[in-house]
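Participant:
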Amino acid sequence: MTVSEYIHGHSFIHRTPPGLKILILAVLGTLLFVFPNMIFAAASLAIIVMLYPLAGISPKVMLAQIKPILAILVLLFLVQLFMVNWQSGVLVIVRLSALMLTASLITLTTRSSDMIDALEKRLAWLYFIGINPAKISLALSLALRFIPVLAAITQEVREAQKARGLNNSVIAVAIPVIVRTLKMADSIAMALEARAYDPQSPYRAKKSSKKETSDVD
Amino acid sequence: MSTKDIVYIALFAAITAAMGLFPAFTLPIIAVPITAQSMGPMLAGAIAGAKRGALAMVLFDLLVMVGLPLLAGGRGGVGIFLGPSGGFILAWPIAALLIGYLYEKNIRSLSVVKEAVFITLGGIVIIYSAGIPWISAFAKITLSQAAIGAMGFIPGDIIKVILTVLIVRPVRKAYPTLESR
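Taken in sequence, the protein lines are chains G and C. Residue 34 in my numbering is what sits at position 34 of the first sequence, and the numbering runs on without skipping anything. In my numbering, each residue carries its 1-based index in the second sequence increased by 217.
#1: For residue 310 of chain C and residue 254 of chain C, what's the separation of their Cα atoms in angstroms?
#2: Hey, out of C:384, C:269, C:262 and C:305, whose CA is closest to residue 343 of chain C's CA?
#3: Return the residues of the region 334-359 of chain C that lie within a Cβ-Cβ distance of less than 9 Å from chain G, sorted by chain order.
#4: What residue range is occupied by the uninterrupted alpha helix (DSSP H) comprising residue 137 of chain G?
#5: Grouping DSSP H, G and I as helix and E and B as strand, with all else coil, what is residue 288 of chain C?
#6: Along the chain, where does the alpha helix (DSSP H) containing residue 86 of chain G start, and where does it finish?
#7: Between the region 171-190 of chain G and the region 385-394 of chain C, can you find at least three pairs of beta-carbon atoms closer than 8 Å?
#8: Please compile the residues from chain C whose C-beta is within a distance smaller than 8 Å of the C-beta of residue 193 of chain G.
#9: For residue 28 of chain G, which of G:168, G:96 and G:56 has the nearest alpha-carbon?
#10: Taking only three categories from DSSP, how would you classify residue 17 of chain G?
#11: Taking the C-alpha atoms as reference points, what is the distance between residue 230 of chain C and residue 151 of chain G?
#12: Which bits of chain C does residue 197 of chain G rub up against, with CB to CB less than 9 Å?
#13: Please list, in chain order, the residues of the region 296-310 of chain C that have any C-beta partner in chain G closer than 9 Å.
#14: Within the continuous alpha helix (DSSP H) that includes residue 182 of chain G, where are the two ends?
#15: Taking C-beta to C-beta, are residue 177 of chain G and residue 154 of chain G nearer than 8 Å?
#16: I need the straight-line Cα distance from residue 86 of chain G to residue 80 of chain G, nearest angstrom please.
#17: Between residue 378 of chain C and residue 340 of chain C, is the Cβ-Cβ spacing less than 8 Å?
#18: Would you check if the distance between the CB atom of residue 315 of chain C and the CB atom of residue 366 of chain C is smaller than 8 Å?
#19: Within the same chain, show all residues whose beta-carbon is closer than 8 Å to that of residue 198 of chain G, passing over the 5 residues directly before and after it, in chain order.
#20: Report all residues from its chain with a CB closer than 7 Å to the CB of residue 36 of chain G; omit the five preceding and five following residues, and keep chain order.
#21: Interface residues of chain C around residue 280 of chain G at Cβ under 8 Å?
#22: Comparing alpha-carbon positions, which option in G:12, G:39 and G:101 lies nearest residue 49 of chain G?
#23: Residues of the region 29-52 of chain G in Cβ contact with chain B at a cutoff of 9 Å, in chain order, please.
#24: Measure the Cβ-Cβ separation of residue 390 of chain C and residue 186 of chain G and say whether it is below 8 Å.
#25: In the DSSP assignment, find the unbroken alpha helix (DSSP H) run with residue 254 of chain C in it and report its ends.
#26: Report the CB separation of residue 360 of chain C from residue 350 of chain C in whole angstroms; it is logged as a contact under 8 Å.
#27: Taking only beta carbons into account, state which residues of the region 375-388 of chain C come closer than 7 Å to chain G, listed in chain order.
#28: Please name the residues in the region 62-80 of chain G whose beta-carbon is closer than 8 Å to at least one beta-carbon of chain C, in chain order.
#29: In angstroms, rounded to a whole number, what distance separates the CA positions of residue 312 of chain C and residue 226 of chain C?
#30: In whole angstroms, give me the CA-to-CA distance for residue 65 of chain G and residue 236 of chain C.
#31: Looking only at its own chain, which residues have a Cβ that is under 7 Å from the Cβ of residue 98 of chain G, when we skip the five neighbours before and after it?
#32: What span of residues does the alpha helix (DSSP H) with residue 38 of chain G cover, start to end?
#33: One question on the structure: do residue 252 of chain C and residue 289 of chain C come within less than 8 Å of each other, judged by their Cβ atoms?
#34: Quick check: residue 55 of chain G and residue 14 of chain G, are their CB atoms within less than 8 Å of each other?
#35: Here's the rule I'm using: 16 or more other beta-carbon atoms within 10 Å means buried, otherwise exposed. How should residue 135 of chain G be labelled?
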């Protein structure tokens, strides 16, 4: 199981810095909601649809991005149709599809590790209010690593409980999974400290020249 | 913040994410599909406590925001927060914070009823009071219309509260993680 949908490529969209992509998405999202204008929404959708082939992503993959929210789109259209009018319904759908496709394009063209690095850089200012951005990126990387591990543990516990005749008991699976992962979390924390990881100091060499301010809590 | 805190925060963000990856289970009688994911803030608050639970949910929101498809149905990205479910997801840290706080405050006198009340307060009351105005603003419908629409989730959420209590109690006995506040 993988959480990354990254599709490898060398297009200019792949090469755009992750921070800039997120910024464009945030600005587009805000504009689309501040100006509920059909021409603007349709133009955004048209542009984003044209960007997909430029990034080397097949139309099939593009349509797959919209599929999970198809039911929500239909529901929203019906709500607008009965409450306001059909134009408003179309606007809501065009707007949401444009945003969804933009967000997906970013996910498809950016590695999660690059995204996390970009995030750590953007969060550097947190340093001055006593929060270490390196801790945040450690937590981010750990969380991403934990997801497939959790899936594997759940699979094991499920099989073990099946052997005991507990085929469909959510509780019989959840309790051992959580206890096992809590134990695992404690071992990982000890292992990190045994390898001299110090949460009070940034573990990236590039920041080591800076004088450390303590953020003990 | 200790290394252990960081690992716990990551773990509960991952547990919440993983619950979105597993298929939703459908209720036998009323046939309403339930995604287990909104149990994330309940479990995080009740097991990891106020601070770690809330930060785990902030971390989860961050992961979704940077575009990872971690929400049930493979959704993710900043766009989600501008959509109808945005208010619910943004309320998760507050829900975990409240549940964790109440648990830590009453750690020595917890009973089944108390736990159910705490989890309901955080997992239902807090989340709906953020989610309903959000839906109403997003879909341009009145508050009461949004509230009626959201009632469809109530049966599922009550089951999630019960499941959480049934999971959290034995977990606490087997592996205590909370300290009294």
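A virtual CB, placed ideally from N, CA and C, is assigned to each residue, including glycine. Note that the structure is a prediction, hence the values are computed from the model and not measured.
Facilitator: Result, derived from the coordinates:
#1: The count along the second sequence starts at 1 and reaches residue 310 of chain C at position 93. The count along the second sequence starts at 1 and reaches residue 254 of chain C at position 37. Their Cα atoms are separated by approximately 13 Å.
#2: Here residue 343 of chain C refers to the residue found at position 126 when the second sequence is read from its first residue. Checked all of C:384, C:269, C:262 and C:305; the closest Cα to residue 343 of chain C is C:305.
#3: Residues passing the 9 Å Cβ filter: 355, 356, 357 and 358.
#4: As a first step, residue 137 of chain G is located in the first sequence; it is residue number 137 there, counting from the start. Here the alpha helix (DSSP H) through residue 137 of chain G covers 133-163.
#5: One-based indexing of the second sequence puts residue 288 of chain C at position 71. The answer is strand: DSSP assigns residue 288 of chain C an E or B state.
#6: Reading the first sequence from its first residue, position 86 is the one you call residue 86 of chain G. Residue 86 of chain G -> alpha helix (DSSP H) spans 86-109.
#7: Contact holds: three or more Cβ-Cβ distances are below 8 Å.
#8: Indexing the first sequence from 1 puts residue 193 of chain G at position 193. Residues of chain C whose Cβ lies closer than 8 Å to the Cβ of residue 193 of chain G are, in chain order, 220.
#9: Within the first sequence, the letter at position 28 stands for residue 28 of chain G. Measuring from the Cα of residue 28 of chain G, the nearest candidate turns out to be G:96.
#10: The residue you call residue 17 of chain G lines up with position 17 of the first sequence. Coil.
#11: Against the second sequence, residue 230 of chain C aligns to sequence position 13. Against the first sequence, residue 151 of chain G aligns to sequence position 151. Their Cα atoms are separated by approximately 14 Å.
#12: Position 197 of the first sequence holds residue 197 of chain G. Residues of chain C whose Cβ lies closer than 9 Å to the Cβ of residue 197 of chain G are, in chain order, 220.
#13: Those would be 296, 297, 298, 299, 300, 301 and 302, in chain order.
#14: For the purposes of this step, residue 182 of chain G is identified with residue 182 of the first sequence, where counting begins at 1. Taken as a continuous stretch (DSSP letters only), the alpha helix (DSSP H) holding residue 182 of chain G covers 170-194.
#15: For the purposes of this step, residue 177 of chain G is taken as residue 177 along the first sequence, with counting starting at 1. For the purposes of this step, residue 154 of chain G is taken as residue 154 along the first sequence, with counting starting at 1. A contact, by the Cβ cut-off of 8 Å.
#16: One-based indexing of the first sequence puts residue 86 of chain G at position 86. One-based indexing of the first sequence puts residue 80 of chain G at position 80. Roughly 7 Å separates the two Cα atoms.
#17: The residue given as residue 378 of chain C occupies position 161 in the second sequence. The residue given as residue 340 of chain C occupies position 123 in the second sequence. With respect to the 8 Å criterion, residue 378 of chain C and residue 340 of chain C are classified as neighbours on the basis of their beta carbons.
#18: Reading the second sequence from its first residue, position 98 is the one you call residue 315 of chain C. Reading the second sequence from its first residue, position 149 is the one you call residue 366 of chain C. No, these two residues do not count as a Cβ contact at 8 Å.
#19: Translated into the one-based positions of the first sequence, residue 198 of chain G becomes position 198. No residues qualify anywhere along the chain.
#20: Position 36 of the first sequence holds residue 36 of chain G. Result list for residue 36 of chain G: 91, in chain order.
#21: What the structure shows of chain G is the stretch from 1 to 217, and residue 280 of chain G is not part of that stretch, so it cannot be assessed.
#22: Taking the first residue of the first sequence as position 1, residue 49 of chain G is located at position 49. The shortest C-alpha separation from residue 49 of chain G is found at G:101.
#23: Of the chains in the structure shown, none is chain B; the protein chains are G and C.
#24: Indexing the second sequence from 1 puts residue 390 of chain C at position 173. Indexing the first sequence from 1 puts residue 186 of chain G at position 186. Contact flag unset, no.
#25: Here residue 254 of chain C refers to the residue found at position 37 of the second sequence. Where residue 254 of chain C is concerned, there is no enclosing alpha helix (DSSP H), given that its DSSP letter is neither H nor E.
#26: Within the second sequence, numbered from 1, the residue matching residue 360 of chain C stands at position 143. Within the second sequence, numbered from 1, the residue matching residue 350 of chain C stands at position 133. Cβ atoms of residue 360 of chain C and residue 350 of chain C come within 8 Å of each other, at about 6 Å.
#27: Correct list: 380, 383, 384, 387 and 388.
#28: Of all residues in the region 62-80 of chain G, 68, 69, 72, 76, 79 and 80 have a Cβ within less than 8 Å of some Cβ in chain C.
#29: Position 95 of the second sequence holds residue 312 of chain C. Position 9 of the second sequence holds residue 226 of chain C. When rounded, the distance between both Cα atoms is 15 Å.
#30: In the first sequence, the residue the question calls residue 65 of chain G occupies position 65. In the second sequence, the residue the question calls residue 236 of chain C occupies position 19. So the two alpha carbons sit approximately 20 Å from each other.
#31: Locating residue 98 of chain G in the first sequence gives position 98, where the first residue counts as 1. For residue 98 of chain G, the CB contacts under 7 Å within the same chain, skipping 5 residues up- and downstream, are 32, 41, 44, 45 and 48 in chain order.
#32: Numbered from 1 along the first sequence, position 38 holds the residue referred to as residue 38 of chain G. Counting along the chain, residue 38 of chain G sits inside the alpha helix (DSSP H) bounded by residues 38-54.
#33: Within the second sequence, numbered from 1, the residue matching residue 252 of chain C stands at position 35. Within the second sequence, numbered from 1, the residue matching residue 289 of chain C stands at position 72. Closer than 8 Å, so yes.
#34: As a first step, residue 55 of chain G is located in the first sequence; it is residue number 55 there, counting from the start. As a first step, residue 14 of chain G is located in the first sequence; it is residue number 14 there, counting from the start. The answer is yes: Cβ separation under 8 Å.
#35: Numbered from its first residue, the first sequence carries residue 135 of chain G at position 135. Only buried fits residue 135 of chain G, as 16 or more other CB atoms lie within 10 angstroms of its CB.
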